[in-house]
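Position 259 of the sequence shown, counting from 1, maps to 259 under this note's numbering, and the rest follow consecutively.
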Amino acid sequence: MSMIASLSSQKRPIFIIGAGGIVNAAHLPAYRLAGFDIQGIVDIVYDSAKSTAERFNIPHVFGNVEEMIATAPANAVFDIAVPAPETIPLLEKLPEGSAVLLQKPMGVNYDQAKKILELARSKNMLAAINFQLRYAPYIIAVKKLISGNMLGQLNDIEINVDVYTPWHLWNFLSEAPRVEVLYHSIHYIDLVRNLMGNPRSVYAKTTKHPAMPQLASVRSNIIMDYGDMVAANILTNHCHIYGRPKQQSYIKIEGSKGAVKINFGALIDYPRGAADRFEYILLEEGKEPQWQEMNIEGSWFPHAFIGSMEQIMQAADGLIDKPDNSVEDCIHTMACVEAAYQSSEKGGVRPDFF
Ligand SMILES: NC(=O)c1ccc[n+]([C@@H]2O[C@H](COP(=O)([O-])OP(=O)(O)OC[C@H]3O[C@@H](n4cnc5c(N)ncnc54)[C@H](O)[C@@H]3O)[C@@H](O)[C@H]2O)c1
1 MSMIASLSSQ
11 KRPIFIIGAG
21 GIVNAAHLPA
31 YRLAGFDIQG
41 IVDIVYDSAK
51 STAERFNIPH
61 VFGNVEEMIA
71 TAPANAVFDI
81 AVPAPETIPL
91 LEKLPEGSAV
101 LLQKPMGVNY
111 DQAKKILELA
121 RSKNMLAAIN
131 FQLRYAPYII
141 AVKKLISGNM
151 LGQLNDIEIN
161 VDVYTPWHLW
171 NFLSEAPRVE
181 VLYHSIHYID
191 LVRNLMGNPR
201 SVYAKTTKHP
211 AMPQLASVRS
221 NIIMDYGDMV
231 AANILTNHCH
241 IYGRPKQQSY
251 IKIEGSKGAV
261 KINFGALIDY
271 PRGAADRFEY
281 ILLEEGKEPQ
291 WQEMNIEGSW
301 FPHAFIGSME
311 QIMQAADGLI
321 DKPDNSVEDC
331 IHTMACVEAA
341 YQSSEKGGVR
351 PDFF
């Protein structure tokens with residue numbers, strides 16, 4: 001994936017539904033970097049759409065979704081970024097054959113994900129999900145090392161996040177029956193699937209925190225099972241209230257010939273963030289292993305958001321068969337999320353205490 005979209009893709013007009021935090025902080029800055037053509041925006045709060053349009057020079061602000069649909073040309077790409085429970089009614093309104101990018105998660109549970117898939121199929125839509133961590137510049141760099149067989153056979157992936165996340169910034173989470181896995185670790189589950197394929201099974205324990213008892217679980221341990229020779233572990237704690245010094249967030253990948261460790265800064269000291277650091281090592285016969293640092297241009301926010309939109313544009317233009325992040329693929333990420341919650345509810349194996 002290039003950081004700058006192909007010229008043919010840049011011509012396809014984008015119509016955005018939802019003018020909230022993520023559209024302003026990531027979608028629009030990314031699309032501006034890519035040179036995408038953003039033609040219209042709508043929000044149930046008109047002033048939100050209007051102020052976003054002013055900030056990003058979007059020519060058309062609509063009073064409602066129906067008005068937007070009536071105006072959008074046949075080659076439009078719709079970009080829906082509203083709270084997950086609002087997604088299905090919007091998808092039902094879109095015309096047959098639409099190209100549409102939906103914000104993650106793909107519905108609030110697996111039943112909704114299946115409904116979204118069914119709608120996309122029955123309306124013959126080109127539909128994809130905005131699981132954009134797959135396209136973060138540091139992940140693109142890892143994929144290059146993997147495709148060049150520089151890391152050898154992968155046998156370990158570990159994602160470790162120990163930060164303080166101010167969940168109260170997202171109003172809709174206060175009532176949500178599921179929080180951490182569905183809204184956050186879902187990115188890591190999707191990334192592991194994107195790199196390693198579907199796991200055989202998922203083990204998990206997701207836990208609440210005494211400092212935020214009103215929220216559903218906010219910490220998770222997730223094991224994605226790839227058999228006896230490959231370890232895939234996700235460990236997240238969003239309740240590290242002890243200041244910046246010991247906060248950490250990394251993705252580590254180990255293979256038979258090399259390894260990568262990405263310290264990603266987006267979540268550190270949120271929302272300030274910290275610099276990313278990409279380190280790698282390539283084993284050489286008879287040489288002392290030496291870690292090296294690679295300079296990576298761009299980060300998860302906002303650059304990765306170019307990739308998820310670029311996929312759908314390229315598929316719409318016939319440059320690729322289907323988006324890598326198609327609903328047909330992403331439904332499997334939702335299946336893993338569902339499995340994680342089920343595993344957590346079911347509990348572990350009880351030791352036979354005497
Ligand atoms: N990394 C990521 O991919 C990422 C990060 C944050 C949020 N998100 C997802 O993006 C979505 C939006 O999150 P946010 O942080 O922008 O939330 P937000 O609350 O800041 O914004 C949501 C916006 O949608 C509008 N809206 C709600 N229902 C609507 C409808 N039916 N039609 C038109 N507009 C409607 C609201 O008025 C609001 O302006 C959520 O699904 C969230 O999970 C993804």
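Just so you know, even glycine gets a beta-carbon here, dropped at the ideal spot from N, CA and C.
Grouping DSSP H, G and I as helix and E and B as strand, with all else coil, what is Gln311? As a first step, residue 311 must be located in the sequence shown, where it is residue number 311. Correct three-state label for Gln311: helix.
Identify every run of the beta strand (DSSP E) within the segment 262 to 293, keeping only runs that are complete inside it and at least 3 residues long; order them along the chain. Counting only runs of 3 or more, we get 277 to 282.
Label Lys11 either buried or exposed according to how many other C-beta atoms from any shown protein chain fall within 10 Å of its C-beta, with 16 as the threshold for buried. In the sequence shown, the residue the question calls residue 11 occupies position 11. Classification of Lys11: exposed, given that the 10 Å Cβ count is below 16.
At what residues does the beta strand (DSSP E) containing Tyr250 begin and finish? The residue given as residue 250 occupies position 250 in the sequence shown. 248 to 255 is the extent of the beta strand (DSSP E) around Tyr250.
Starting from Leu101, trace the beta strand (DSSP E) in both directions and tell me its first and last residue. Reading the sequence shown from its first residue, position 101 is the one you call residue 101. Start and end: 99 to 102.
When we look at the beta-carbon of Lys246 and count the other beta-carbons within 10 Å, is it buried (16 or more) or exposed? For the purposes of this step, residue 246 is taken as residue 246 along the sequence shown, with counting starting at 1. By the 10 Å Cβ count, Lys246 comes out exposed.
Counting pairs of beta carbons, one from the segment 215 to 228 and one from the segment 246 to 261, are three or more of them closer than 8 Å? no
Where do the ends of the beta strand (DSSP E) carrying Asp78 lie? Position 78 of the sequence shown, counted from the start, is the residue given in the question as residue 78. A quick correction: the sequence has Phe, not Asp, at residue 78. Here the beta strand (DSSP E) through Phe78 covers 77 to 80.
Are there any heavy atoms of ligand 1 lying less than 6 Å away from the beta-carbon of Gln214, as far as the coordinates show? Here residue 214 refers to the residue found at position 214 when the sequence shown is read from its first residue. Every heavy atom of ligand 1 is 6 Å or more from the Cβ of Gln214, so no.
Give me the Cα-Cα distance between Ala339 and Val230, rounded to the nearest whole angstrom. Working through the sequence shown from its first residue, we reach residue 339 at position 339. Working through the sequence shown from its first residue, we reach residue 230 at position 230. Cα to Cα, the separation comes out at about 19 Å.
Sequence-distant residues of its chain with Cβ nearer than 6 Å to Ile281 (five each side left out): The count along the sequence shown starts at 1 and reaches residue 281 at position 281. Same-chain partners within the cutoff: Gly258, Ala259, Pro289, Trp291.
Taking Cβ to Cβ, would you say Ala30 is nearer than 7 Å to Ile306? Position 30 of the sequence shown, counted from the start, is the residue given in the question as residue 30. Position 306 of the sequence shown, counted from the start, is the residue given in the question as residue 306. Cβ distance < 7 Å, so Ala30 and Ile306 count as in contact.
Under 6 Å: does the beta carbon of Val192 sit that close to some heavy atom of ligand 1? Here the question's residue 192 lines up with position 192 in the sequence shown. No - ligand 1 has no heavy atom lying nearer than 6 Å to the Cβ of Val192.
Among Phe56, Val45, Met334, which has the Cα closest to the Cα of Gly35? Position 35 of the sequence shown holds residue 35. Looking at the Cα atoms, Phe56 is the closest of the given residues.
How many whole angstroms separate the CB atoms of Gly40 and Thr71, which I take to be in contact at a CB cut-off of 8 Å? In the sequence shown, the residue the question calls residue 40 occupies position 40. In the sequence shown, the residue the question calls residue 71 occupies position 71. The Cβ separation is near 7 Å, so the contact holds.
Would you list the one or two residues that DSSP bridges to Ile159? Within the sequence shown, numbered from 1, the residue matching residue 159 stands at position 159. DSSP output for Ile159 lists Ile234, Ile251 as bridge partner(s).
Would you be able to state if there are at least three C-beta pairs under 8 Å between the segment 292 to 302 and the segment 53 to 67? Three or more beta-carbon pairs separated by less than 8 Å are not found between the segment 53 to 67 and the segment 292 to 302, which leaves the two stretches without contact.
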